[in-house]
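Working notes, beginning with the structure itself.
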Amino acid sequence: MEVVSNKILIALIGVLFIFSIGASVAIYKYNSSKKSQSNSAPKYQDLRVEQKLTEALKKPQESAPKEEKQEYKELVAEVAVEGSLIDITGCNPDPLVMQITNNGVFSVKNSDPNEHSFEIEDSVFTIPASNQTALTAGFGFKRGPGIYTYTCDGSGQPVGALYITE
Numbered sequence: 021m022e023v024v025s026n027k028i029l030i031a032l033i034g035v036l037f038i039f040s041i042g043a044s045v046a047i048y049k050y051n052s053s054k055k056s057q058s059n060s061a062p063k064y065q066d067l068r069v070e071q072k073l074t075e076a077l078k079k080p081q082e083s084a085p086k087e088e089k090q091e092y093k094e095l096v097a098e099v100a101v102e103g104s105l106i107d108i109t110g111c112n113p114d115p116l117v118m119q120i121t122n123n124g125v126f127s128v129k130n131s132d133p134n135e136h137s138f139e140i141e142d143s144v145f146t147i148p149a150s151n152q153t154a155l156t157a158g159f160g161f162k163r164g165p166g167i168y169t170y171t172c173d174g175s176g177q178p179v180g181a182l183y184i185t186e
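Structure, rendered in C-alpha cells:
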C-alpha cells in the first residue's frame, strides 16, 4: 500500500510541476505581448543623450518604413547642434551632429598633427594637419537638405552627421 501511495504522490508532484511550468510560460507570453504592444512609443524617447548621439549615426535603410525615417529625422533634429565648425581630433568630431542651413558655409578643423580625409557621399575632402577647410553645406550633396553621415580616413563607418536644413 505504501508503494502505491508513494507512486500516487510522485505522480501528483509531477502533474503539479508540469502545470507550474505551463502557467509560467503562459504568464511570460502574456507579459511579452503586452510589452510589444507598449513599444509603439517613439523608438528613441527613453535613451540618454550619449545613446541618442550614437543612434543618430545609424541612418535607416532607404527601404525602411516612413515612420522609422521620420523618428530618425526627429532624433537627429533633437541632438543636432547649430554651428559652423566641426573640430576633428583623431577622427572624433565635435559636435558629433551639427545643424547648418543649406548652402551655409562651415569649417572642418583638424586638430591632429596628421591630415585627415572627410568623406560625405561621393565627395572626399582632405583636411591638412593642424588646419581647417571651409565647405559649403549642400554643395555636391545629391539630395539637398537632409541628413548626411560622414566618415573619416576611409573608415567606412559614420563618425558624425550633418543635418542640413532649408
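Numbering (the working numbering), first residue to last: 21 to 186. C-beta: ideal position from N, C-alpha, C; glycine also. If you're wondering where the values come from, they're calculated on a predicted model, not measured in any experiment.
Contact between the stretch 108-120 and the stretch 84-93 (3+ Cβ pairs under 8 Å): No: fewer than three Cβ pairs fall under 8 Å.
Classification of P113 by the beta-carbon crowding that lies within 10 angstroms, buried from 16 upward: If you draw a 10 Å sphere on the C-beta of P113, you find 16 or more other C-beta atoms in it, and that means buried.
Per DSSP, cross-strand counterpart(s) of G124: In the DSSP output, where bridge partners are listed per residue, G124 has none listed.
C-alpha distance - P165 paired with D173, whole-angstrom precision: If I take the Cα positions, the gap works out to 24 Å.
Contact under 7 Å by Cβ, A157 with I140: Cβ atoms of A157 and I140: not closer than 7 Å.
Beta-carbon contacts of L95 that lie in its chain and below 7 Å, excluding the five residues immediately before and after: So the list reads Y64, K72, E75 and A76, once near-sequence residues are dropped.
Straight-line gap, G110 to I38 (C-alpha atoms, nearest Å): Cα-Cα distance, rounded: 59 Å.
Inter-residue spacing [alpha-carbon to alpha-carbon] between F126 and Q152: Roughly 10 Å between the two C-alpha positions.
Which of helix, strand or coil DSSP assigns to A181: In the structure shown, A181 sits in a strand (DSSP, three-state: E or B).
Proximity winner among K129, E98 and Y92, relative to S104 (alpha-carbon distances): Of K129, E98 and Y92, the residue nearest in Cα terms is K129.
Neighbour-count burial assignment, S179, 16 or more Cβ in a 10 Å radius: Correcting the residue type first, residue 179 is Val in the shown sequence and not Ser. Buried is the call here.
E102 (DSSP reduced to helix, strand or coil): Reduced to three states, the DSSP call for E102 is strand.
Separation of L182 from D142, as counted between CA atoms: Cα-Cα distance, rounded: 15 Å.
Nearest to E102 (by Cα), restricted to the options Y92, L116, S131 and E82: With distances taken between CA atoms, E102 lies nearest to L116 out of Y92, L116, S131 and E82.
Burial state of K162 (16 or more Cβ within 10 Å): Answer is exposed; the Cβ neighbour count stays below 16.
Range of the contiguous beta strand (DSSP E) that encloses A15: With the chain covering 21 to 186 only, the question about residue 15 has no answer from this structure.
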